[in-house]
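Chemist: So that we are looking at the same thing, I have put the structure below in structure tokens.
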Amino acid sequence: MSTVSPDTTPGTQIETSLTPQAVAAVAAVMQPTVTDLIDLALTGKQLHWAVVGPRFKPVHEHLDELIEEYREYSDTVAEYLSTIGVVPDGRAVRVAGDTPMDPVDATFMTDDAVIDLMTARIKGVATSLRQRSAQVADADSAAEDLLIEITRVLDKQLWMTSAQR
Ligand SMILES: [Fe+2]
């Protein structure tokens, strides 16, 4: 997985109250978080289109609610990187190269399969976020706080998807 670092191009430096060491520590957890959230949004949309079955409508509509939260928080995390002088990388090529998640099949899928798949994806990212918030706690409590907030959102999503099984 590649990393992002402060942009040192003359005229583009952003002032931050963090030390360079803290910036590096935050970037190391926030860029993978941007990648994970963009991937969850794209995967959720694919499943929104691909779901079939008796529960088509609630699952189809629920996925859009989840996607809205991934989009909101990927933007928040990316802007936090910009805030500390690091250019976030949300390009398709970067997300595809860095994501730890396998692509879902481009086929129709039953509502049960979609719920199982989405539950597993959310759990994977929530677990990573718990590790990342602990990892960055000493360097930057503001970054830790943001990651904890997103963990709370994903855990709530996990409740709502797993309760449908
Ligand atoms: Fe739609």
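Sequential numbering of the sequence shown, starting at 58, is according to our numbering.
Note that beta-carbon positions come from the ideal geometry of N, C-alpha and C, so glycine has one too.
Taking V152 and I95 to be in contact with their CB atoms under 8 angstroms, please state how far apart those CB atoms are, rounded to whole angstroms.
Modeler: Along the sequence shown, one-based indexing puts residue 152 at 95. Along the sequence shown, one-based indexing puts residue 95 at 38. Yes, V152 and I95 are in contact; Cβ-Cβ is about 5 angstroms, under 8 angstroms.
Chemist: T133 by DSSP, collapsed to three states: which one?
Modeler: In the sequence shown, the residue the question calls residue 133 occupies position 76. Correct three-state label for T133: helix.
Chemist: Considering just the uninterrupted stretch of the alpha helix (DSSP H) at R151, what are its terminal residues?
Modeler: Here residue 151 is taken as the residue at index 94 of the sequence shown, counted from 1. Run containing R151: 149-155, per the alpha helix (DSSP H) assignment.
Chemist: Do P157 and D93 have their C-beta atoms within less than 9 angstroms of each other?
Modeler: The residue given as residue 157 occupies position 100 in the sequence shown. The residue given as residue 93 occupies position 36 in the sequence shown. Result yes, Cβ atoms of P157 and D93 sit closer than 9 angstroms.
Chemist: Does the Cβ of Q88 have 16 or more other Cβ atoms within 10 Å, making it buried, or fewer, making it exposed?
Modeler: Position 31 of the sequence shown holds residue 88. Buried.
Chemist: Run the proximity test for H105: is its beta-carbon closer than 8 angstroms to any non-hydrogen atom belonging to ligand 3?
Modeler: Annotation note on ligand 3: not contained in the displayed structure, which lists ligand 1 as its ligands.
Chemist: Which full runs of the alpha helix (DSSP H) of 4+ residues lie inside the stretch 76-112, going along the chain?
Modeler: You should have 77-107.
Chemist: Quick check on the burial criterion: 16 or more other C-beta atoms within 10 angstroms. Buried or exposed for I141?
Modeler: By 1-based counting over the sequence shown, the position of residue 141 is 84. Classification of I141: buried, given that the 10 Å Cβ count is 16 or more.
Chemist: In whole angstroms, give me the CA-to-CA distance for A186 and I124.
Modeler: Residue 186 sits at position 129 when you count from the first residue of the sequence shown. Residue 124 sits at position 67 when you count from the first residue of the sequence shown. In the sequence as presented, Ala is not what sits at residue 186; that position holds Leu. So the alpha carbons of these two residues sit roughly 17 angstroms apart.
Chemist: Looking at C-alpha atoms only, which residue of P63, A220, G68, T69 is the closest neighbour of P77?
Modeler: Working through the sequence shown from its first residue, we reach residue 77 at position 20. Residue P63 is the option with its Cα nearest to P77.
Chemist: By the three-class DSSP mapping on this structure, what secondary structure does V144 have?
Modeler: For the purposes of this step, residue 144 is identified with residue 87 of the sequence shown, where counting begins at 1. Coil.
Chemist: Less than 9 angstroms between the beta carbons of A200 and V61, yes or no?
Modeler: Translated into the one-based positions of the sequence shown, residue 200 becomes position 143. Translated into the one-based positions of the sequence shown, residue 61 becomes position 4. Their beta carbons are not under 9 angstroms apart, which means A200 does not touch V61 by this criterion.
Chemist: Give the DSSP-derived three-state secondary structure of M175 in the structure shown.
Modeler: For the purposes of this step, residue 175 is taken as residue 118 along the sequence shown, with counting starting at 1. DSSP places M175 in helix when its eight states are reduced to three.
Chemist: For the alpha helix (DSSP H) that contains I205, what are its first and last residues?
Modeler: In the sequence shown, counting from the first residue as 1, residue 205 sits at position 148. Residues 198-219.
Chemist: When every heavy atom of ligand 1 is checked, does at least one fall within less than 8 angstroms of the C-beta of D202?
Modeler: Counting from 1 along the sequence shown, the entry for residue 202 is found at position 145. Not so, every heavy atom of ligand 1 lies at least 8 angstroms from the Cβ.
Chemist: Pop quiz: V182 and L97 are said to be a contact at Cβ under 8 angstroms. What is the actual Cβ separation, rounded to whole angstroms?
Modeler: Locating residue 182 in the sequence shown gives position 125, where the first residue counts as 1. Locating residue 97 in the sequence shown gives position 40, where the first residue counts as 1. 6 angstroms between Cβ atoms; contact.
Chemist: How about V86 and S190: are their beta carbons less than 9 angstroms apart?
Modeler: In the sequence shown, the residue the question calls residue 86 occupies position 29. In the sequence shown, the residue the question calls residue 190 occupies position 133. Yes, these two residues count as a Cβ contact at 9 angstroms.
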